[in-house]
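**Student:** This is the structure I have questions about; it appears just below.
There are 2 protein chains.
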Amino acid sequence: MTNPLYLQIVEDIKNKISIGELKPGDAIASESALCKEYNTSRMTVRKGLAVLANEGYIYSIPGKGNFVAKPELNKYTVYYDEMHNSINSVDKTKLLEVNIIIPDENLAADLQTTRNKNVIVIRRLFYTEGCPVAYDVKYLLYQKGMPVVEKEIEQATFPEMMSKSVSLFALKKEIVIYARQPDEEIKRYLNIYDELPLLVVEQKLYNKDNKPVGMGITYFRGDSIKLQGISQ
Amino acid sequence: MTNPLYLQIVEDIKNKISIGELKPGDAIASESALCKEYNTSRMTVRKGLAVLANEGYIYSIPGKGNFVAKPELNKYTVYYDEMHNSINSVDKTKLLEVNIIIPDENLAADLQTTRNKNVIVIRRLFYTEGCPVAYDVKYLLYQKGMPVVEKEIEQATFPEMMSKSVSLFALKKEIVIYARQPDEEIKRYLNIYDELPLLVVEQKLYNKDNKPVGMGITYFRGDSIKLQGISQ
DNA sequence: CAGTGGTCTAGACCACTAA
DNA sequence: TAGTGGTCTAGACCACTGG
């Protein structure tokens, strides 16, 4: 089970970077030099370099050469799903409201729409083992094929709600995460009697033209959620 | 400025996926079929398919074909740096403690080390415009070349502290994010007099053999941090 | 100008899958 | 067995950077 040649090139160069023989900004041996070094064709060398570029180890400047990149020290991948996180999983939801409304000025501005377009509001409570763990509000720009049947809404995550009207491949998403003290209404919803903070996650969804198609806020009891991220 | 042929193939197939002509699980035309369709060579077709695979649109099964993937609806990219976030930036730090200690049992277990190995503790306060915004504690497994000069420590982010002893390319990182009520000590550090929650970020760093080399916790005033994430 | 990376060709052999 | 994707070759032409 010997590695293909292009992966040996990848490992060799990764190793040179790891031990510091190649440092960020340094030029890598040219493609023709690597062809000679590994006694192989240029396409094989380039396949290896493509892997390194995809993994963020190198970048190329046409006419100049390939160079070692600076590692992205601050980049993390987070999997966020309002129903599931590393310490908790929602097993029941309660639909508080489904309505079609005329957006107020702030909402219309956030959704980059006008006040004569309809917006669907969905408010839900999430439960784990009978206890409320999160309060969830979503606003969807009304489009044909939107879910209006309660059964479809109750268990759906935000992207799933959009699946009838927007291709999920084209969907762009943003989240904002912060901590906040609950107001009285949310304290009632989440059975908070003492001072328990909320973890708040705002979500915004955009179609492939970068037009907003929905936004949502989920207020988690602080003791019911931990978000995890990993590098690379 | 006409696109190279392989990118036209990429756009065509992306479009077929976006409009639903190709759905997750569907097979894509075989490479030889695409060669005929675009009147090109197989390597050009494969270059296009490689781009689509890298971007998560398709996957291949040797001997069977290329297939449309399911989009990763829950995946976000977050840039986290204890000194900078979307609503705040640290402009001053205060070093509370730098020490070499013998780890207690819990810490030794977290760092997968034994109690006879030394650990560096660094405790800092972060300030913005004169106000404390975060309290930061880090534990580093002691290694040669570790920073012990205060100047080096004060302004460094966690990965930067490791740069003398570990290749930053090989560094694996994990973060855990949650909300918590501050205890009395942290309230004093962060000038919290009323009920302001904390956003807590735990960081763990591993070397390329997945051995822990450091861990840290940063307690942010809830009004001084928002973390942002975007899809792909 | 020589050297670099970007694109592309028309073949080849292999391992794997399915009929 | 025929078809699939995975690897690889030995060329080619292009646009770009630098001396």
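Heads up: the sequence lines are chains Z and E, in that order.
With my numbering applied, the first sequence covers 1 to 232.
With my numbering applied, the second sequence covers 233 to 464.
Built from N, CA and C at the ideal position, the CB exists for glycine as well.
The model shown is predicted, which means the values in this text are computed figures rather than measured ones.
Determine, using beta carbons only, whether E/Gln387 comes closer than 7 Å to chain Z.
**Tutor:** no
**Student:** Using 10 angstroms around the beta-carbon of Z/Gly222, count the other beta-carbons present and answer buried if the total reaches 16, otherwise exposed.
**Tutor:** buried
**Student:** How big is the Cα-Cα spacing for E/Thr346 and E/Gly446?
**Tutor:** 14 Å
**Student:** Taking any Cβ of chain E, which residues in the stretch 156-172 of chain Z have a Cβ under 8 Å from it, in chain order?
**Tutor:** For the stretch 156-172 of chain Z, which is checked against every Cβ of chain E, the residues closer than 8 Å are Thr157, Pro159, Glu160, Ser167, Leu168, Phe169, Ala170, Leu171, Lys172.
**Student:** Identify, in the order they occur along the chain, each residue of the same chain with its Cβ nearer than 6 Å to the Cβ of Z/Ile101, setting aside the five sequence neighbours on each side.
**Tutor:** Closer than 6 Å at Cβ, skipping near neighbours: Val119, Val121.
**Student:** Whose C-alpha, out of Z/Lys211, Z/Val51, Z/Ile177, Z/Thr93, is nearest the C-alpha of E/Asn317?
**Tutor:** Z/Ile177
**Student:** Taking the alpha carbon of E/Leu473 as the reference point, which residue from E/Arg355, E/Lys419, E/Leu430, E/Pro444 has its own alpha carbon closest?
**Tutor:** In the structure as shown, chain E begins at 233 and stops at 464. Residue 473 of chain E is therefore absent and cannot be evaluated.
**Student:** Mind reading off the beta-carbon distance from Z/Leu73 to Z/Lys94? Whole number of angstroms is fine, and I expect it under 8 Å.
**Tutor:** Their Cβ separation, rounded to whole angstroms, is 42 Å, which puts Z/Leu73 and Z/Lys94 out of contact at 8 Å.
**Student:** Return helix, strand or coil for E/Asp342, following the three-state DSSP convention.
**Tutor:** helix
**Student:** Could you name the residues of the stretch 66-78 of chain Z whose beta carbon sits closer than 7 Å to any beta carbon of chain E, in the order they occur along the chain?
**Tutor:** Pro71, Leu73, Asn74, Lys75, Tyr76, Thr77, Val78
**Student:** Just checking: is the beta-carbon of Z/Ala179 within a distance shorter than 7 Å of some beta-carbon in chain E?
**Tutor:** With 7 Å as the cut-off, Z/Ala179 counts as an interface residue toward chain E.
**Student:** Residues of chain E with CB under 9 Å from Z/Ile9, in chain order?
**Tutor:** From the beta-carbon of Z/Ile9, no residue of chain E is found nearer than 9 Å; the closest lies around 16 Å away.
**Student:** Measure the beta-carbon distance from Z/Ile17 to E/Phe401 and round it to whole angstroms, keeping in mind my assumption that it falls under 8 Å.
**Tutor:** 5 Å
**Student:** According to DSSP, Z/Pro132 sits in a beta bridge with which residue or residues?
**Tutor:** Z/Tyr127
**Student:** Does the CB of E/Leu431 have a neighbour CB from chain Z at under 7 Å?
**Tutor:** For E/Leu431, the closest Cβ of chain Z is nearer than 7 Å.
**Student:** At a CB-CB cut-off below 9 Å, which residues of chain E make contact with Z/Ser18?
**Tutor:** Ser399, Phe401, Ala402, Lys440
**Student:** So if DSSP puts Z/Tyr139 in a beta bridge, which residue, or which two residues, is it bridged to?
**Tutor:** Z/Val121, Z/Met215
**Student:** Identify, in the order they occur along the chain, each residue of the same chain with its Cβ nearer than 8 Å to the Cβ of Z/Val133, setting aside the five sequence neighbours on each side.
**Tutor:** Contacts found: Asn88, Val90, Phe126, Tyr127, Leu190, Phe220, Arg221, Ser224, Ile225.
**Student:** For Z/Leu227, decide whether its Cβ has a neighbour in chain E, counting only Cβ atoms nearer than 7 Å.
**Tutor:** For Z/Leu227, the closest Cβ of chain E is nearer than 7 Å.
**Student:** Measuring alpha carbon to alpha carbon, tell me which residue in Z/Ile9, Z/Pro24, Z/Gly20 is nearest Z/Val45.
**Tutor:** Z/Ile9
**Student:** In terms of DSSP beta bridges, what is Z/Asp194 paired with?
**Tutor:** Looking at the DSSP output, Z/Asp194 bridges to nothing.
**Student:** Restricting to Cα atoms, I'd like to know which of E/Lys376, E/Gly362, E/Lys436 is closest to E/Thr389.
**Tutor:** E/Lys436
**Student:** According to DSSP, simplified to helix, strand and coil, what is E/Asp455?
**Tutor:** helix
**Student:** List, in order along the chain, the chain Z residues whose C-beta lies closer than 8 Å to that of E/Gly280?
**Tutor:** Neighbours of E/Gly280 on chain Z: none; closest Cβ ~13 Å, over 8 Å.
**Student:** So the candidates are E/Glu329, E/Gln387, E/Ile260, E/Lys268; which of them puts its Cα closest to the Cα of E/Leu281?
**Tutor:** For the options E/Glu329, E/Gln387, E/Ile260, E/Lys268, the alpha carbon positioned closest to that of E/Leu281 is the one of E/Ile260.
**Student:** Leaving out the 5 sequence neighbours to the left and right, which residues in its chain are closer than 8 Å to Z/Asp104 when beta-carbon positions are compared?
**Tutor:** Arg115
**Student:** Here's the rule: buried if 16 or more other CB atoms are within 10 angstroms of the residue's CB, otherwise exposed. What is Z/Ala33?
**Tutor:** exposed
**Student:** Could you check if Z/Asp136 is buried or exposed, using at least 16 other CB atoms within 10 Å of its CB as the buried criterion?
**Tutor:** Answer is buried; the Cβ neighbour count reaches 16.
**Student:** Taking its Cβ as the centre, do 16 or more other Cβ atoms sit within 10 Å of Z/Gly130, making it buried, or is it exposed?
**Tutor:** With a 10 Å radius around the Cβ and a threshold of 16 neighbouring Cβ atoms, Z/Gly130 comes out exposed.
**Student:** Taking the CB atoms as reference points, tell me whether Z/Val68 and Z/Asp12 lie closer together than 7 Å.
**Tutor:** no
**Student:** Using the beta-carbon of each residue, which ones in chain Z are nearer than 9 Å to E/Asp244?
**Tutor:** Residues of chain Z passing the Cβ test: none, with the nearest at roughly 14 Å.
**Student:** Report the three-state DSSP secondary structure of Z/Glu72 (helix, strand or coil).
**Tutor:** Three-state DSSP puts Z/Glu72 in coil, outside helix and strand.
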